[in-house]
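Student: Once you've had a glance at the structure underneath, I'll fire off some questions.
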Amino acid sequence: MLSKLDKIYIMLTKQWTTIFFLLFSLPLLMAYESHGKQYCFDDQTCDSMFKYCDTDQAPLGGEWQGVCEHKRLFPMLLVEFIGCFLIIILAIISNAAGTAGGGVVIPLVMIFFGWDTKMGISISNFTVIFTAIARYLLEFNATDKVKGYGTVIKYDYILLTIPPLKVGSAIGAIVNQIIPELVIVIVLVALLIVMFGLTTHRAVSLYRGETKKKGETHKMEVRDEGSDGKETPQSNHNREIRNDLPENKHDVNQTVMPEDQSQQIIIDSQSADQTQALAQIIKEDSTHWQWKKLIVIWIMMAQLFTISIVRGNSQSGIEKCSSLDWGLFALILINSVILEIVAIVMIKKQSDRRRRQGYKFLHGDIQCTFPIISRLLISSLFAGFSSSAFGVGLALILTPILMALGLDPVASAATEIYQAFYSTLTSTMIVIVLNGMNFEYAIVSIIMAIIGAAIGIKVQSTMLKRLGRPSIMVFLLAFCILFCLVLIPLNALPKLIKLHEQGQPLFEANNYCSTVSGH
Numbered sequence: 001m002l003s004k005l006d007k008i009y010i011m012l013t014k015q016w017t018t019i020f021f022l023l024f025s026l027p028l029l030m031a032y033e034s035h036g037k038q039y040c041f042d043d044q045t046c047d048s049m050f051k052y053c054d055t056d057q058a059p060l061g062g063e064w065q066g067v068c069e070h071k072r073l074f075p076m077l078l079v080e081f082i083g084c085f086l087i088i089i090l091a092i093i094s095n096a097a098g099t100a101g102g103g104v105v106i107p108l109v110m111i112f113f114g115w116d117t118k119m120g121i122s123i124s125n126f127t128v129i130f131t132a133i134a135r136y137l138l139e140f141n142a143t144d145k146v147k148g149y150g151t152v153i154k155y156d157y158i159l160l161t162i163p164p165l166k167v168g169s170a171i172g173a174i175v176n177q178i179i180p181e182l183v184i185v186i187v188l189v190a191l192l193i194v195m196f197g198l199t200t201h202r203a204v205s206l207y208r209g210e211t212k213k214k215g216e217t218h219k220m221e222v223r224d225e226g227s228d229g230k231e232t233p234q235s236n237h238n239r240e241i242r243n244d245l246p247e248n249k250h251d252v253n254q255t256v257m258p259e260d261q262s263q264q265i266i267i268d269s270q271s272a273d274q275t276q277a278l279a280q281i282i283k284e285d286s287t288h289w290q291w292k293k294l295i296v297i298w299i300m301m302a303q304l305f306t307i308s309i310v311r312g313n314s315q316s317g318i319e320k321c322s323s324l325d326w327g328l329f330a331l332i333l334i335n336s337v338i339l340e341i342v343a344i345v346m347i348k349k350q351s352d353r354r355r356r357q358g359y360k361f362l363h364g365d366i367q368c369t370f371p372i373i374s375r376l377l378i379s380s381l382f383a384g385f386s387s388s389a390f391g392v393g394l395a396l397i398l399t400p401i402l403m404a405l406g407l408d409p410v411a412s413a414a415t416e417i418y419q420a421f422y423s424t425l426t427s428t429m430i431v432i433v434l435n436g437m438n439f440e441y442a443i444v445s446i447i448m449a450i451i452g453a454a455i456g457i458k459v460q461s462t463m464l465k466r467l468g469r470p471s472i473m474v475f476l477l478a479f480c481i482l483f484c485l486v487l488i489p490l491n492a493l494p495k496l497i498k499l500h501e502q503g504q505p506l507f508e509a510n511n512y513c514s515t516v517s518g519h
């Protein structure tokens with residue numbers, strides 16, 4: 001039976017009111033602004049079609065006539081309209097691939113809206129939050145097609161990966177401020193090349209497996225048909241067996257759950273207690289309200305937000321690189337380690353309890369063993385570090401990793417988007433509190449991204465139903481990686497060339513303690 005909360009969300013997700021609510025709530029944010037400081041003589045001095053010289057902010061004394069400011073959203077330039085259109089198109093492709101599209105928004109915001117990398121990441125993160133909410137509500141009723149029951153969002157994975165993601169992100173933020181921009185671009189391109197190769201290889205492997213399975217199914221159907229073209233009782237029996245078999249050939253000895261979650265699983269070798277326990281497991285995995293796991297996640301987010309605000313707020317009186325500043329940074333790491341230990345203990349107890357109850361672990365289920373947990377922690381730590389240090393979209397790294405760990409493409413995408421929501425929520429709230437967000441451009445990007453997400457989700461659903469090939473999602477993900485791989489260097493190279501012409505060193509490392517805080 002569904003809980004009242006589940007029924008309420010089912011009612012909401014059947015309506016497009018979810019999308020309209022998100023869209024119409026955005027103008028409330030228009031009251032906020034973000035400003036920078038760059039002195040100028042006139043508009044030409046600002047050296048950008050997106051900036052103008054605001055003489056109302058002329059500095060007292062000196063030769064400068066004003067301050068360079070980024071233009072307001074309206075009136076919009078032609079290039080900005082093109083950017084809006086491209087955000088929709090790329091959001092459709094990204095969401096069809098199962099990602100929130102944050103990685104492709106960054107270069108579009110930088111090229112077509114004229115913002116720097118820092119603002120591009122901030123706007124992209126804000127976009128991911130709303131896109132993730134929209135996908136979460138619209139896919140609330142989705143069921144794990146591989147297992148036949150349970151949510152497509154795997155909360156076990158989220159619980160275990162968020163702490164190392166945050167540790168990697170915290171360390172990566174420091175590295176990002178130390179290494180020069182040219183090194184960031186080089187490493188970013190190298191990472192994208194590796195991820196493109198791994199993702200493409202995964203897509204091809206899945207596609208071949210799907211083709212082989214379809215061929216075997218067709219041969220069995222032909223063999224089962226009688227000479228008169230009529231099906232025999234044996235052929236019907238064979239079809240029922242094929243429908244019950246798991247897709248992965250290594251899972252043939254595992255229990256396959258029915259799609260109808262109301263059915264009880266009765267196996268001759270199981271006692272009544274085991275059958276009841278398995279039914280309880282299905283109930284646990286089939287709800288989004290897994291409170292113990294959610295509470296641990298929320299505690300971590302609250303702690304991280306509070307500590308980061310204290311570190312990043314100039315009014316707190318904490319100097320960068322002071323003993324107190326490093327102490328707070330260490331507190332983030334210690335809290336993450338403690339909560340990760342709590343998460344591992346929770347998952348281990350759950351895993352041991354299910355094993356005692358006779359549960360047969362399916363492909364993608366977490367069994368709390370050292371090899372599995374260590375791979376998950378190292379992968380998440382790497383994903384968080386790469387995302388923060390080099391600006392790689394979290395989905396471009398984490399989704400292929402989750403698939404490599406055993407999740408199917410649909411579950412990997414849904415889980416990654418939920419992780420991205422929590423990962424970007426904290427950093428976005430910090431940026432907003434510290435007045436580092438331009439809400440006019442952020443809202444336009446969000447509206448375009450939500451429109452693209454709504455279409456992309458429909459495209460994904462239709463594509464999977466008609467083609468029956470989840471590998472198509474992985475091919476689309478590879479395309480998104482390739483898009484970033486091409487666009488990011490094209491955007492960065494002109495800026496690097498300009499810095500070189502101005503005589504600025506391209507490989508000189510920055511002093512972290514003297515750089516402006518990135519919080």
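Residue 1 is where the sequence shown starts when you use the UniProt record's numbering, and the numbers rise one by one after that.
For every residue, glycine included, the Cβ atom is placed at its ideal position computed from N, Cα and C.
Buried or exposed for residue 539, going by 16 or more other Cβ atoms inside 10 Å?
Tutor: For residue 539 there is no data in the structure shown, the boundaries of the chain being 1 and 519.
Student: E319 lies in the alpha helix (DSSP H); which residues open and close that run?
Tutor: Run containing E319: none; DSSP gives neither H nor E here.
Student: If contacts are defined as beta-carbon pairs under 8 Å, then L402 and Y157 qualify, I think. What distance do you get, rounded to the angstrom?
Tutor: Indeed, because the Cβ distance is near 7 Å, the residues count as touching under 8 Å.
Student: Identify the residues that DSSP records as bridge partners of E139: which are they?
Tutor: The partner list for E139 (beta bridge, DSSP) is empty, contrary to what the question assumes.
Student: Determine the direct distance from the alpha carbon of N95 to that of A132, and round the result to whole angstroms.
Tutor: If you take the alpha carbons of A132 and N95, they lie about 10 Å apart.
Student: Helix, strand or coil: how does DSSP classify C368 here?
Tutor: If DSSP states are grouped into helix, strand and coil, C368 belongs with coil.
Student: Please list the segments of the alpha helix (DSSP H) lying wholly inside the segment 92 to 131, counting only runs of 4 or more residues, in order along the chain.
Tutor: DSSP runs (the alpha helix (DSSP H)) wholly in the segment 92 to 131: 102 to 112.
Student: Tell me which residue opens and which closes the beta strand (DSSP E) that K51 is part of.
Tutor: Taken as a continuous stretch (DSSP letters only), the beta strand (DSSP E) holding K51 covers K51 to D54.
Student: Tell me which same chain residues have a C-beta within less than 6 Å of the C-beta of A414, skipping the five on either side of it?
Tutor: Once the five neighbours on either side are set aside, the close Cβ partners of A414 are V152 and I153.
Student: Determine, using beta carbons only, whether L398 and A383 come nearer to each other than 7 Å.
Tutor: For L398 and A383, yes; Cβs fall inside 7 Å.
Student: Less than 7 Å between the beta carbons of V109 and I93, yes or no?
Tutor: No.
Student: Can you check DSSP and say which residues form a bridge with H70?
Tutor: DSSP lists K51 as partners of H70.
Student: Return the residue from the list V337, I88, I82 and I129 that minimises the CA-CA distance to Q419.
Tutor: Selected option, being the one with the closest Cα: I129.
Student: Can you give the Cα-Cα distance for I309 and S387, rounded to whole angstroms?
Tutor: The alpha-carbon atoms of I309 and S387 are separated by roughly 20 Å.
Student: What residue from L381, Q460, Q280 and L377 has the CA that sits closest to R354's CA?
Tutor: Cα-wise, what sits closest to R354 is Q280.
Student: Between M300 and T424, what straight-line distance do the alpha-carbon atoms span, to the nearest angstrom?
Tutor: The straight-line gap from Cα to Cα measures roughly 14 Å.
Student: Where does T415 sit, in a helix, a strand or coil, going by DSSP?
Tutor: T415: helix per DSSP, three-state reduction.
Student: Would you call the segment 329 to 338 and the segment 159 to 170 touching, i.e. three or more CB-CB distances under 8 Å?
Tutor: Cβ pair count under 8 Å is three or more, so yes.
Student: Have a look at L304, S351 and E501 and flag the residue whose alpha-carbon is nearest the alpha-carbon of residue 528.
Tutor: Outside the modelled stretch of the chain, which goes from 1 to 519, sits residue 528, for which no answer is possible.
Student: If you reduce the DSSP assignment to three classes, tell me which class A277 lands in.
Tutor: Of the three classes helix, strand and coil, the one that applies to A277 here is helix, per DSSP.
Student: Does Y149 come out as helix, strand or coil in the three-state DSSP assignment?
Tutor: Note: Y149 maps to coil in three-state DSSP.
Student: Between L396, E340 and S461, which has its C-alpha nearest L377's C-alpha?
Tutor: Considering only alpha carbons, the answer is E340.
Student: What first and last residue would you give for the alpha helix (DSSP H) that runs through I500?
Tutor: Before going further, note that residue 500 is His rather than Ile in the sequence given. Per DSSP, H500 belongs to the alpha helix (DSSP H) from S471 to E501.
Student: Quick check on this structure: which residue in M195, K349 and P180 has the alpha carbon closest to the alpha carbon of S379?
Tutor: When only C-alpha atoms are compared, the closest one is M195.
Student: So, do the segment 66 to 83 and the segment 38 to 51 have three or more beta carbon pairs nearer to each other than 8 Å?
Tutor: Yes, they touch.
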